[in-house]
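Asker:
In our numbering, the protein residues as written are -13 to 64.
#1: What's the C-alpha gap between residue 59 and residue 45?
#2: Classify residue 50 as helix, strand or coil using the three-state DSSP reduction.
#3: Using the C-alpha atoms, what's the distance from residue -3 back to residue -9?
#4: Using three-state DSSP, classify residue 24 as helix, strand or coil.
#5: Short check: CB of residue 67 to CB of residue 6, under 8 Å?
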């Protein structure tokens, strides 16, 4: 019997509440910062709700996502 196993970890979507964004350029800056985190497959930021949705395997630590946002100059509210 052959068992098929995925070649990569299953990705999870996580949401972050981000403060300090006020324009489309801010959104692009945060998305770019999140996409630079190793393992992140997708990042989408909504300016109106101040929310970032990040798709990444569970192995990508939340602390790495928060650090990327903070390094970009924004605050993650918990």
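Beta carbons are placed, not taken as given, at the ideal position from N, Cα and C, and that holds for glycine.
Note that the coordinates shown come from a computational prediction; the quantities given were computed from them, not determined experimentally.
Answerer: Concretely, from the data shown:
#1: The count along the chain shown starts at 1 and reaches residue 59 at position 73. The count along the chain shown starts at 1 and reaches residue 45 at position 59. If I take the Cα positions, the gap works out to 24 Å.
#2: Position 64 of the chain shown, counting from 1, holds the residue named residue 50. Of the three classes helix, strand and coil, the one that applies to residue 50 here is helix, per DSSP.
#3: Within the chain shown, residue -9 is the residue found at index 5, counting from 1. Within the chain shown, residue -3 is the residue found at index 11, counting from 1. Any reading at residue -9 needs caution, since the residue's pLDDT is 44, under 50, leaving its predicted position unreliable; the model's value is listed next. For residue -9 and residue -3, the distance between alpha carbons rounds to 14 Å.
#4: As a first step, residue 24 is located in the chain shown; it is residue number 38 there, counting from the start. Note: residue 24 maps to coil in three-state DSSP.
#5: What the structure shows of the chain is the stretch from -13 to 64, and residue 67 is not part of that stretch, so it cannot be assessed.
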